[in-house]
Amino acid sequence: MSEPLLEARGVTRSVWDGDREATILHDVSLTIEAGERLALLGPSGCGKSTLLHILGGLDADYQGSVRVAGTALEGLSDRELAALRNGTLGFVFQSYNLLGHLSALDNVLLPARFGANGAEPARAVRILEELGLGDKVRRRPATLSGGERQRVAIARALYSRPKVVLCDEPTGNLDRETASEILDLFNRLTAEGVALLVATHDDAIAHTAHRTIRLLGGRLR
Ligand SMILES: Nc1ncnc2c1ncn2[C@@H]1O[C@H](COP(=O)(O)OP(=O)(O)OP(=O)(O)O)[C@@H](O)[C@H]1O
Ligand SMILES: [Mg+2]
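Numbered according to the numbering used here, the sequence shown terminates at residue 245, and the numbering increases by one at each position without gaps.
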């Protein structure tokens, strides 16, 4: 068996909700190996986004341990975490998190502009083309549809050739045909050895995943 690319042990996350502490993730453990496609299911509010943010190094306020490609997230400096997010990890946000004043292409290239290897616009254009946005690379997010913005967010996550890709509802705003193209893309990624975790309500993603896990009230079922 290969080394897990993503490993969470006993992840628990509590928040202050008014005057009381509420636990929104309870003791969550999971592993994902290279080439594995895992669907994270569960009703709205069960903790999917919370878990993905922790696994993606975007929220450090948890108990438990997370390893990404062999590196423990706990104890990494902000700079080391940023480097990991910029190289090893790809994250597709539920809310896209695109910058409004930048074109689709510049949104894809933005993380690379901060990285050590420099930006390769031609490759970013190729990824956008692959996602059906070849004629829209110069557009700003405000002039794109929700599904188009979502595809820009996916392109941005894939640009750095990450080993681990975390997607929060990546097909939530896509029609069936575009969603199935995204599914094909996911299949190709995992065939190349990427570990993919997708939080979704989309049955098609759940059915084509290698494994599904289900959260209910912050616990894995
Ligand atoms: N900072 C916070 N303070 C208080 N409650 C929070 C905080 N962040 C998340 N929650 C609560 O934790 C629960 C889990 O939220 P989360 O966004 O992870 O759900 P989700 O499974 O992604 O839902 P959806 O399918 O609607 O995207 C929700 O009840 C939410 O209101
Ligand atoms: Mg969510």
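From the three backbone atoms N, C-alpha and C, an ideal C-beta is built for every residue, glycine too.
Handout entry: Tyr120 vs Ala177 beta-carbon contact at 8 Å
Key = A Cβ-Cβ contact shorter than 8 Å links Tyr120 with Ala177.
Problem - Where Ser184 falls: helix, strand or coil (DSSP) - result: In the three-state reduction of the DSSP assignment, Ser184 falls in the coil class.
Problem - Contact check, Gly88 vs Val35, beta carbons under 8 Å - result: For Gly88 and Val35, yes; Cβs fall inside 8 Å.
Problem - Stretch pair the segment 116-131 + the segment 92-105: three plus CB contacts closer than 8 Å - result: Counting C-beta pairs with one atom in each stretch, the segment 116-131 and the segment 92-105 have fewer than three that are closer than 8 Å, which means they do not touch.
Exercise for the section: Output the boundary residues of the alpha helix (DSSP H) element that contains Thr202. Expected result: Boundaries of the alpha helix (DSSP H) around Thr202: 200-215.
Practice task
Go through its chain and collect everything with a Cβ distance to Leu198's Cβ below 6 Å, but skip five positions before and after it.
Solution key: Close CB contacts of Leu198 within its chain, under the 6 Å cut and outside five residues either way in sequence, are with Gly171 (chain order).
Problem - Reduced DSSP category for Phe117 - H, G, I as helix; E, B as strand; rest coil - result: Secondary structure at Phe117: coil, using DSSP grouped into helix, strand and coil.
Practice task
Would you decide whether Glu201 is buried or exposed? Buried here means 16 or more other CB atoms lie within 10 Å of its CB.
Solution key: Glu201 is exposed by the Cβ-count criterion.
Handout entry: CA-to-CA distance, Leu239 to Leu108, given in whole angstroms
Key = Each residue's alpha carbon lies about 26 Å from the other.
Problem - Backbone secondary structure at Ala84 - three-state DSSP - result: Collapsing the DSSP output to three states places Ala84 in coil.
Practice task
Would you mind giving the Cβ-Cβ distance between Ala136 and Ala128, rounded to the nearest angstrom? I have them listed as a contact below 8 Å.
Solution key: Distance from Ala136 to Ala128 at the Cβ level is roughly 14 Å; contact not present, criterion being Cβ atoms closer than 8 Å.
Exercise for the section: Decide yes or no for the touch test of the segment 189-196 against the segment 154-167: beta carbon pairs closer than 8 Å, at least 3 of them. Expected result: The segment 189-196 is not in contact with the segment 154-167.
Practice task
Pick out whichever of Glu31, Asn141, Gly124 has its Cα sitting closest to the Cα of Gly81.
Solution key: Of the candidates Glu31, Asn141, Gly124, the one whose C-alpha sits nearest the C-alpha of Gly81 is Glu31.
Problem - Near ligand 2: Gln118 beta-carbon under 7 Å from a heavy atom - result: Gln118 Cβ: within cutoff of ligand 2.
Practice task
Measure the alpha-carbon distance for Leu182 versus Asn110 and round it to whole angstroms.
Solution key: Roughly 10 Å separates the two Cα atoms.
Practice task
Identify whether Asp102 lies in helix, strand or coil by the three-state DSSP scheme.
Solution key: Assignment of Asp102 by DSSP, reduced to helix, strand and coil, places it in the helix class.
Handout entry: Stretch-stretch touch, CB-based, cutoff 8 Å, three pairs: the segment 49-69 with the segment 229-245
Key = A contact exists between the segment 49-69 and the segment 229-245.
Exercise for the section: Take Thr47 and list the residues in its own chain whose beta-carbon comes closer than 6 Å to its own, dropping the five residues that flank it on each side. Expected result: The residues are Ser38.
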